[in-house]
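Contents: one structure, followed by commentary.
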Amino acid sequence: MRPGYGIELRLGSARTRDFRDPAIPTRHPLRCSLIPDRRSTRSTLMSNQTHDHDRLMLERATRRALRGHGEAEPNPSVGCVIADADGRVVGEGRTRHPGGPHAEIEAIRGAGAAARGGTAWVTLEPCNHHGKTPPCVDAIIAAGIARVVVGSPESNDFASGGMARLREAGIEVVLRPDVDSVRRLHASFHGRVSTGRPWVIAKWAETHDGALSTPPGVSPWISGPRSIRMVHRERGRTDAILTGIGTILADDPRLDAREVRRRRTPMRVIVDPDLDTPPTALILKTAGGPVLIACRNDPDDDLHRMRSEQLAAAGATILPIEVPPDSGMRESASENLRGRFSAGRLGSLLRHLAEDHDVATVLTECGAGLLQGLFEADLIDATLVFTAPDTGVKGAPTSPSPRDLLHLASFETIWSGRRGDDHVVWSQRRT
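All letters in the sequence shown, in the order written, are residues 33 to 463 by our numbering.
Structure, rendered in structure tokens:
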């Protein structure tokens, strides 16, 4: 039966056959019709309103969480909103730096006694373990909150069980995994847990026709000043910036975050299999995060060993990356081009960054070769693309272009807008 409707039975006056015996006519057959039921309609409407209100409040909690972008990692950036028993918002919070208060704690502190009997909307299942901070479920129970709406379950086994614990305490718990903004918010956290590597954001600037560089005689700057400032902000919110030896030799970049408020100082990582980075490179002479150079492991090569010692003396950390034992001949064949890492080595590098350096997010600023390798290895999780306006000048094309690789990856657009004259698109792999 359709929700919000009931059955009405009534006697009719039309002459028809009795349903018990078609041969016997009757003047008063039993008629059955489907009519709206006021009580059922009212309860369904209230249920739908509650459902939609939960969505709106989880979206509000998501916006609160996004304010912590670049601060909470490696913890998930969580948002929480609390309303009192009458539905008035009395507390909001987001997860702070590691060791700082979680979103639920911050929101409960803001709500105070008004949280009792109220509802909490939290983007991620409240933690149920003792880490750097006590379990959030204990604080929710102690605050007397009557209902908790959760946008996404916890991925880490050691922290899960929060919803079950709340239900055991008599609290109504509603899981709402259908809110897109929450799904996108925590995609990076769930991705890190499932893959054991950082969330990789590929950033590039392209000409109007999709090229990563301009032709000779034209200014090498593709993006405008507002786009460049946005890139520096993202640098200051990530754990590591990844580039290749081609970019180091062509552009001699510093890869630091300048003239913006930094939430962290990113490590700078160079994929340089043959240690071609000059010891005089700007990246080794400018203040910023530590410089790590990932190379092949070739201890028997005298030139390789000498370059390693020179770069270490210039302040770099040299990290030899082995080919994974199960990678096969195809991995070795893919490294015939100088300056390239195979998919297996790229994956090993990213896992090393996560395990040994607590890197949760990586921003790539590299050329077409390394971008292609990362795309083909399925190691890119999100993209930040700046497209310059059409000036009538054709760029220097590459094949395949990053634009083509992104199209094949079938990412979903999270946000698009403008920074000055540039068109900016943030995309993310579908989850």
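Where is the CB? At the ideal position from N, CA and C, for every residue including glycine.
A quick note: this is a predicted structure, and the numbers were derived from the prediction, not measured.
- Taking aspartate 210 as reference, the option from Ile277, Ser184, Ala191 and Thr239 with the minimal CA-CA separation is Ser184.
- In this structure, isoleucine 203 lies away from isoleucine 233, with their beta-carbon atoms at least 8 angstroms apart.
- The C-beta distance from phenylalanine 373 to threonine 415 rounds to 20 angstroms, too long to fall under 8 angstroms, and the pair is not in contact.
- Less than 8 angstroms separates the beta-carbon of glutamate 238 from that of threonine 419.
- Per DSSP, glycine 379 is not a residue of any beta strand (DSSP E); the alpha helix (DSSP H) it occupies stretches across 375-389.
- Separation of methionine 338 and glycine 427 (C-alpha to C-alpha, rounded to the nearest whole angstrom) is 38 angstroms.
- Closest in C-alpha terms to arginine 215, from the list Glu397, Leu90 and Gly449, comes Leu90.
- Less than 8 angstroms separates the beta-carbon of leucine 395 from that of threonine 270.
- The beta-carbon separation of leucine 316 and alanine 346, rounded to 5 angstroms, stays under the 8 angstroms limit for a contact.
- Annotation for proline 257: the continuous alpha helix (DSSP H) segment containing it runs 257-267.
- Within the segment 81-132, complete beta strand (DSSP E) segments of at least 3 residues are found at 111-115 and 121-126, given in chain order.
- Inclusion of proline 298 and isoleucine 277 in the CB contact set at 8 angstroms is not warranted, their separation being larger than that value.
- Under the criterion of beta carbons closer than 8 angstroms, glycine 149 and alanine 174 do not qualify as touching, at roughly 14 angstroms.
- Cα atoms of arginine 87 and valine 113: separation of roughly 12 angstroms, rounded to the nearest angstrom.
- In this structure, the alpha-carbon of alanine 143 lies about 41 angstroms from that of glycine 452.
- In this chain, the beta strand (DSSP E) harbouring alanine 152 covers 151-154.
- Around the beta carbon of asparagine 160, 16 or more other beta carbons sit within 10 angstroms, so the residue counts as buried.
- Taking each of Ile302, Cys398 and Glu157 in turn and checking the Cα distance to valine 323, the smallest one comes out for Ile302.
- Beta-bridge annotation (DSSP): arginine 451 is paired with Asp454.
- A direct Cα-to-Cα measurement between proline 429 and histidine 240 gives close to 11 angstroms.
- The shortest C-alpha to C-alpha distance from glycine 320 to any of Asp189, Ile353 and Ala289 is the one to Ala289.
- Residue range 204-207 is occupied by the beta strand (DSSP E) that includes leucine 207.
- One alpha carbon belongs to tryptophan 253, the other to threonine 246, and they sit about 8 angstroms apart.
- Annotation: the continuous alpha helix (DSSP H) that includes arginine 215 extends over 212-217.
- The beta carbons of histidine 264 and valine 225 sit no closer together than 8 angstroms.
- The beta-carbon distance between glutamine 460 and aspartate 413, rounded to whole angstroms, is 7 angstroms. This is short enough to meet the 8 angstroms contact definition.
- From the listed residues Ser213, Arg179 and Gly123, the smallest Cα separation to serine 109 is found for Ser213.
- Taking the Cα positions, arginine 128 is about 28 angstroms away from valine 417.
- Contact between the segment 188-195 and the segment 429-441 is absent: fewer than 3 CB-CB pairs across the two stretches fall below 8 angstroms.
- Counting along the chain, phenylalanine 418 sits inside the beta strand (DSSP E) bounded by residues 414-419.
- In the structure shown, the three-state DSSP call for alanine 243 is coil.
- CA-CA distance, alanine 375 to glutamate 200, rounds to 46 angstroms.
- As a beta-bridge residue in DSSP terms, cysteine 327 pairs with Pro352.
- Take the alpha-carbon of serine 220 and the one of asparagine 107: they are about 11 angstroms apart.
- With respect to glycine 102, arginine 295 sits close: the two C-beta atoms are nearer than 8 angstroms.
- Between leucine 287 and threonine 309, the C-beta gap is not smaller than 8 angstroms, which leaves the two residues out of contact.
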